[in-house]
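These notes are about the structure you will find just below.
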Amino acid sequence: MKGFVIDTKEWLSETARIFRHEMSLVFSDVGVMLFFFFLPIAYPIVYSLIYNTEVTRDMPVAVVDNSRTAMSREFVRHADATEAMKICGYAADLQEAKRWMAEKKCFGILEIPADYTRKLGRAEQPQVQFYSEMSLLLRYRTFSSSIADLQIATGAQLRQMTLDDLGMPSTGETSTIGSVGFALGDTQQGFASFIIPGIVVLILQQSMILGIVLLGGTRAEQRRRLKGGGLPVTGDSMSPSAQVFGRTLCYTIVYIPLSIYILHYVLHFFHYPHEGQVTDYILFILPMLLATAMLGQTLNMMATERESAFIIVVFTSVAFLFLSGLTWPRYAMTPVFTLLGDIVPATWGIEGFVRINSDGATLGLEPRPWYWLWGLTLVYTATAYLVTRWQTRRG
Amino acid sequence: MSTGFLNVVRRELRRLTSRPIYLVGMVLVPVVMAFFFIGMLNPGLPLKVPAGVVDLDHSQMSRRLTRSLDAMELIDVVEAPMDYHEAMEAVQSGRIMGFFMIPEDFEKDAVGGRSPQLTYYFNLSIYVPGSLMFKGFKTMGVTAAGGLVQTNLVEKGAPEALAGVVLQPLTVNSHPLHNPWLNYSYYLSPSFLYGVLELMVFLMTAFSITQEIKTGTSPQWLAAARGRIGTALLGKLLPQTVIFTILGWGMNSLLFHWNHFPMNGNEWWMVIGMPLFVIASQSFAATICAILPNPRLALSICSLVGILAFSLAAFSFPVEAMYGAMAIFSYILPVRWYFLIYGDIALDGWAVYYARMYFVALLVFPIVATLAAPLMKRALRKPVYVP
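These protein sequence lines are chains A and B, in that order.
Whatever position you read off the first sequence (first residue = 1), add 622 for the working numbering.
Whatever position you read off the second sequence (first residue = 1), add 383 for the working numbering.
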């Protein structure tokens, strides 16, 4: 019993020493500072600036009007008034319009048939064609919602005319079923409001891992130099678990203010969806920080020098973004990819945080991601311990 | 010139095979990532979005509406929450992506001419399934309304065929050219494959150049090239150009031949564009190294730019909608130009004449690198390693 007490005391003082040393390393290494501070502080702002306009509107559209009547011109005016379209000119025929499209003068072509007015007069439903250039899906998506509006607006006007002509009572007197839709989460329906709340969580994870691997690579270089008479690495002689816990404590404490900055202030300043309670999302993100710190120390296994951080970590950001389900929903993935996503802390971090932040869920409604994060923390603690023990024994 | 050049090439081949990190960065990562994206995005559109229906009416009409919703291609009705709050909780816990609400007395009101209102909620915090669900719900709302108006008109004595026309006096047919399936993967897969290739070219170029400075072998490298910086860079980077170009061609054949991505133009232009794209990316990284001959800074800049490229190169968000100052950055990214070539040649199938400026843009990068090379020569002669 007495021995256990002494060991515990010894262990705690080793942990404290590692913690203090790691803190001083973090604040004296410009490379680490770049990852730990510059990246999480600047990146969310850069991303916000890229996507801040949220939507694309008034895209140039060419008109091929084979009808050339007052009614077809009115239709074109309606089209010009929609959010997505801006009529950039009349083309003589479809060939000319297509050439304009190839020259990037327009992104869409509206073709009105020769019998447009005649068919409307006979109540025969004329067919207007719209061709959309497809090198970007977002353009088509914007066009397609404006076309629906155009069809409803012109349709209502024309319907009234036809009914009047037929001498029938207007539809206003009969029953209609109205329908109205509400967007949840991303209420502005913009691109930035959807992608930023997820990306900031990924930035937390990736910047922390980069910094940790950089520190790990530095230690590995120092160990190699030891053979040539260099100084031993501080902590290598201490218990591996004290090293792991001391460093984790350091990284987590550094990242708590950053998390508040990213998850609260950035979203607040740029007017992104921001519904949840501070206590909910900070408590939620804590196990993600812990799991990430442990994952980073596990990845140190591959860090043989300072610069390896770039080659083995940077590209994973792209893969992790996909695995998180932000751009591609996780329920549509094959089991292999769901499983791969499961073992990345940011996947669960993004899933839970987006729901708390954008959909206004509480921590109590997100037990699954939260338990997963604690589970990952346990697993990666074990692996980080093994890696640290292996590295310091070998050294 | 030629012996110096061959000296450097031989020296570089020895270096590339001496350490596993080159194999990892130049072959393993791009190959694994290529199969990763192709495997992940294969299904095309994520259909069957999980949805809920809150039926407060419990009538024959509301049940029919629920069944029609479930039968839609885009929607999978998985839950029947009792009320709005229960449905909202299901959204917040992620079980459903949105819900459709049928109000009380829906059937009675509809038949009695009191215009009931259907409401639907869709979660856009996950964009793609959210907007698919919106499309499905909106269609259902309009169809339900249309069906009722038609019944009413027929009751009032209009011929059935005419009633249909009155309902929708004109139709606008949308033709998404060359991608009628609206396959999202056509945009995501190539942009990410080319983006990863560019990122790894950036990193490996910067790594292999600055490694010489870090280990102090750069004077020896310069000496092998007989003191000519042009020969030194060409000899060092050419073996990497070959490797990355072969990888890029492999990625393209993975896309166009194994996965039958659209190739509506002349594929040879994509083939010719690939080495230009690789050289442009190498030149970009070499220019960075010339300006900042320090491993950490050069690699940091290359990483930052390489990762931002996925957003900045405007594969998903158009450049013309960005702030002007941000849009400028997308022009200095080689991957943007290659992706535009992909859009013009492969997707849109235009003649190469219309894409000519994109090829020119790729050729500008090596010119800039040539201008920056003298700066690098100075750094190579007296290597200083700052960790």
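Where a beta carbon is used, it is the ideal one built from N, C-alpha and C, also for glycine.
Anticipated Cβ contact below 8 Å, residue i with residue j, distance rounded
i      : j      : result
M707/A : Y738/A : The pair is not a contact, with the Cβ atoms about 18 Å apart (cut-off 8 Å).
W633/A : S861/A : 6 Å
F937/A : V579/B : 6 Å
V685/A : L732/A : 5 Å
F892/A : S670/A : 5 Å
H561/B : D731/B : 6 Å
G481/B : M523/B : Not quite, the Cβ-Cβ distance comes to about 12 Å (not below 8 Å), so this is no contact.
Y504/B : L806/A : 5 Å
I671/B : T624/B : With a Cβ gap of about 17 Å, I671/B and T624/B do not count as contacting.
Spatial distance of residue i from residue j (CA atoms)
i       : j      : result
R402/B  : K760/B : 25 Å
S646/A  : V407/B : 32 Å
G820/A  : Y673/A : 14 Å
L985/A  : D727/B : 47 Å
L457/B  : G422/B : 22 Å
T1014/A : I640/A : 14 Å
L638/B  : A589/B : 28 Å
R761/A  : M455/B : 25 Å
D858/A  : E843/A : 13 Å
R763/A  : D459/B : 22 Å
K521/B  : Q779/A : 20 Å
G653/A  : A668/B : 19 Å
D492/B  : R781/A : 23 Å
T796/A  : T704/A : No answer about T796/A holds up, because its pLDDT of 48 lies below 50 and its placement is not dependable.
A775/A  : H700/A : 8 Å
G435/B  : V935/A : 40 Å
P486/B  : L439/B : 5 Å
P433/B  : Y510/B : 14 Å
L911/A  : T874/A : 6 Å
L772/A  : D964/A : 44 Å
I655/B  : A925/A : 37 Å
F700/B  : M484/B : 33 Å
S557/B  : R393/B : 57 Å
T593/B  : M657/B : 25 Å
Closest residue to residue i among the options (Cα-Cα distance)
i      : options                         : result
V822/A : R761/A, I663/A, D808/A, R1011/A : I663/A
F419/B : V940/A, S801/A, V802/A          : V940/A
A968/A : W950/A, W994/A, A931/A, L837/A  : W994/A
S363/B : E696/A, P991/A, G974/A          : The structure shown does not extend to residue 363/B, since chain B is modelled only from 384 through 770, so no value can be given for it.
P909/A : G743/A, R990/A, Q747/A          : R990/A
A744/B : I715/B, R764/B, W733/B, V769/B  : I715/B
N506/B : L912/A, Y1007/A, P666/A, G982/A : G982/A
P678/B : M924/A, S930/A, T914/A          : S930/A
I825/A : P957/A, A714/A, A736/A, F658/A  : F658/A
T400/B : F644/B, L571/B, I612/B, S591/B  : S591/B
Q919/A : E746/A, Y1007/A, K727/A, E636/A : Y1007/A
Neighbour list for residue i in chain B, Cβ cutoff strictly below 7 Å
i      : result
A941/A : M416, F419
M955/A : M423
S980/A : S508
Chain B contact residues for residue i, given Cβ-Cβ distances below 8 Å
i       : result
Q827/A  : The premise fails here: Q827/A is roughly 13 Å from chain B at the closest Cβ pair, so nothing lies under 8 Å.
L1008/A : The contacting residues do not exist; L1008/A stays about 21 Å from chain B at best.
S930/A  : I404
Q899/A  : None at all; the shortest Cβ gap to chain B is about 13 Å.
The ligand MG heavy atom lying under 8 Å from the CB of residue i
i      : result
T534/B : The ligand content of the structure shown is nil, which means the ligand MG is not present either.
Contacts of residue i in chain A (Cβ-Cβ under 7 Å)
i      : result
S557/B : F752, S754, S766, I769
N562/B : M756
Contact set between residue i and chain A, taken where Cβ atoms lie within less than 8 Å
i      : result
V688/B : The contacting residues do not exist; V688/B stays about 11 Å from chain A at best.
Q623/B : Near Q623/B there are no residues of chain A at all, since even the closest Cβ is about 14 Å away, more than 8 Å.
L682/B : E929, F932
W733/B : A724
9 Å Cβ cut-off: residues of chain B touching residue i
i      : result
Y669/A : L691, S694
Q773/A : Q551, L553, T554, V555
F816/A : L507, S508, I509, Y510, G513
Chain-ordered chain A contacts of residue i [CB-CB under 9 Å]
i      : result
N649/B : Neighbours of N649/B on chain A: none; closest Cβ ~14 Å, over 9 Å.
| said: Please give me, in chain order, every unbroken run of the alpha helix (DSSP H) with length at least 4 that falls completely inside the region 546 to 607 of chain B. | reply: 568 to 597, 601 to 607
| What residue ranges within the region 734 to 758 of chain A form continuous beta strand (DSSP E) runs of no fewer than 3 residues, ordered along the chain? | 749 to 754
| Length at least 4, wholly inside the region 385 to 412 of chain B: the alpha helix (DSSP H) runs in chain order | 385 to 401, 403 to 406
| task | Please list the segments of the alpha helix (DSSP H) lying wholly inside the region 821 to 905 of chain A, counting only runs of 4 or more residues, in order along the chain. | result | Fully enclosed alpha helix (DSSP H) runs of 4 or longer: 862 to 882.
| task | Go through the region 424 to 497 of chain B residue by residue and report every complete run of the alpha helix (DSSP H) that reaches 4 residues or more, in order. | result | As far as the region 424 to 497 of chain B is concerned, its whole alpha helix (DSSP H) runs of at least 4 residues are 443 to 454, 467 to 475, 489 to 495.
| query | What are the complete alpha helix (DSSP H) segments, minimum 4 residues, inside the region 920 to 960 of chain A? | reply | The DSSP assignment places 930 to 935, 938 to 945 as complete runs of the alpha helix (DSSP H) inside the region 920 to 960 of chain A, in order along the chain (cut-off: 4 residues).
| task | Enumerate, from N- to C-terminal direction, the unbroken alpha helix (DSSP H) stretches of 4 or more residues contained entirely within the region 633 to 674 of chain A. | result | 652 to 655, 661 to 673
| message | My parser needs the alpha helix (DSSP H) runs of 4 or more residues fully inside the region 953 to 1004 of chain A; what are they? | response | DSSP assignment within the region 953 to 1004 of chain A yields the following whole alpha helix (DSSP H) runs of 4 residues or more, N-terminal first: 957 to 964, 967 to 980.
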